[in-house]
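Undergrad: Just dropping this structure here.
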Amino acid sequence: MALQLSNLEHLPGYQITERLDVVYGSTVRSKHVGKDLFAGLKNIVGGELTAYTELLEESRQEAIDRMVVKAEALGADAVVGLRFSTSSIAQGASELFVYGTAVKAVPMPDPAPQPSNRHDDSSRPPQATTTQPSAVPADDLPRFNPFG
1 MALQLSNLEH
11 LPGYQITERL
21 DVVYGSTVRS
31 KHVGKDLFAG
41 LKNIVGGELT
51 AYTELLEESR
61 QEAIDRMVVK
71 AEALGADAVV
81 GLRFSTSSIA
91 QGASELFVYG
101 TAVKAVPMPD
111 PAPQPSNRHD
121 DSSRPPQATT
131 TQPSAVPADD
141 LPRFNPFG
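Per the numbering used here, residue 1 is the first one in the sequence shown, and the count goes up by one each step.
Structural data, given as structure tokens:
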């Protein structure tokens, strides 16, 4: 399985069997002076600053690639809880930081088909069914009751 990335704390369709360690990747980039001048002019008239968009995209991918190398070195199958952060390091230079938890994961088995108690009576019209609400939720979790 190729290393999977998820911003969730779990990996849909997989069971996490082991949490390995926090992994991260970062890159610090500075703006190109010529592009910065053009961006300043563009900022006056409005519009997308494509040079900065490209710089951010490249930075994001570089940080992810560095994090993936660290996760693979641990033998991880996935990184969950993926988060991005940015910070200004110096005048005109910024850091893009990505981090998450490297985990081992296995695919969940497909649920077995459940036998049906219904007979195939396609000639009969469907019957309306009514259910009474249960006093206790099926999952037994506490629920917020705004009325007391």
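From the three backbone atoms N, C-alpha and C, an ideal C-beta is built for every residue, glycine too.
(1) Fully enclosed by the segment 72-114, which alpha helix (DSSP H) runs are 4 residues long or longer?
(2) Could you tell me the alpha carbon to alpha carbon distance between A63 and M108, rounded to whole angstroms?
(3) Count the other C-beta atoms from every protein chain shown that fall within 10 angstroms of the C-beta of D77, then say buried if there are 16 or more, exposed otherwise.
(4) So is A71 buried or exposed if we call it buried at 16+ other beta carbons inside 10 Å?
(5) To the nearest angstrom, how far is the alpha carbon of Q91 from that of A51?
(6) Looking only at C-alpha atoms, which of T27, V79, T53 sits nearest to A2?
(7) How would you call R19, buried or exposed, if buried means at least 16 neighbouring beta carbons within 10 angstroms?
(8) Helix, strand or coil: how does DSSP classify L56 here?
(9) Can you tell me which of the three DSSP states E9 falls into?
(10) Would you kindly work out how many angstroms separate the C-alpha atoms of E9 and G81, rounded to a whole number?
(11) State yes or no: is the C-beta of Y14 within less than 8 Å of the C-beta of A73?
(12) Tell me, which residues are paired with D21 by DSSP?
TA: Per the coordinate set shown:
(1) DSSP runs (the alpha helix (DSSP H)) wholly in the segment 72-114: none.
(2) On the sequence shown, position 63 is the one that residue 63 refers to. On the sequence shown, position 108 is the one that residue 108 refers to. Between A63 and M108, the C-alpha separation is close to 30 Å.
(3) Residue mapping note: residue 77 aligns to position 77 of the sequence shown, counting from 1. D77 counts as buried, since no fewer than 16 other beta carbons sit within 10 angstroms of its beta carbon.
(4) Translated into positions along the sequence shown, residue 71 becomes position 71. Answer is buried; the Cβ neighbour count reaches 16.
(5) Start at 1 with the first residue of the sequence shown, and residue 91 comes out as number 91. Start at 1 with the first residue of the sequence shown, and residue 51 comes out as number 51. Q91 and A51: Cα-Cα distance of roughly 18 Å.
(6) For the purposes of this step, residue 2 is identified with residue 2 of the sequence shown, where counting begins at 1. When each option's Cα is compared against that of A2, the closest is V79.
(7) As a working note, residue 19 is residue 19 in the sequence shown. Label assigned to R19: exposed.
(8) Residue numbering aside, residue 56 sits at position 56 when the sequence shown is read from its first letter. Three-state DSSP puts L56 in a helix.
(9) Here the question's residue 9 lines up with position 9 in the sequence shown. E9: coil per DSSP, three-state reduction.
(10) Within the sequence shown, numbered from 1, the residue matching residue 9 stands at position 9. Within the sequence shown, numbered from 1, the residue matching residue 81 stands at position 81. Across the structure, E9 and G81 are spaced so that their CA atoms are roughly 5 Å apart.
(11) Translated into the one-based positions of the sequence shown, residue 14 becomes position 14. Translated into the one-based positions of the sequence shown, residue 73 becomes position 73. When the beta-carbon positions are compared, Y14 and A73 stay at least 8 Å from each other.
(12) Locating residue 21 in the sequence shown gives position 21, counting from the first residue. Bridge partners of D21: A102.
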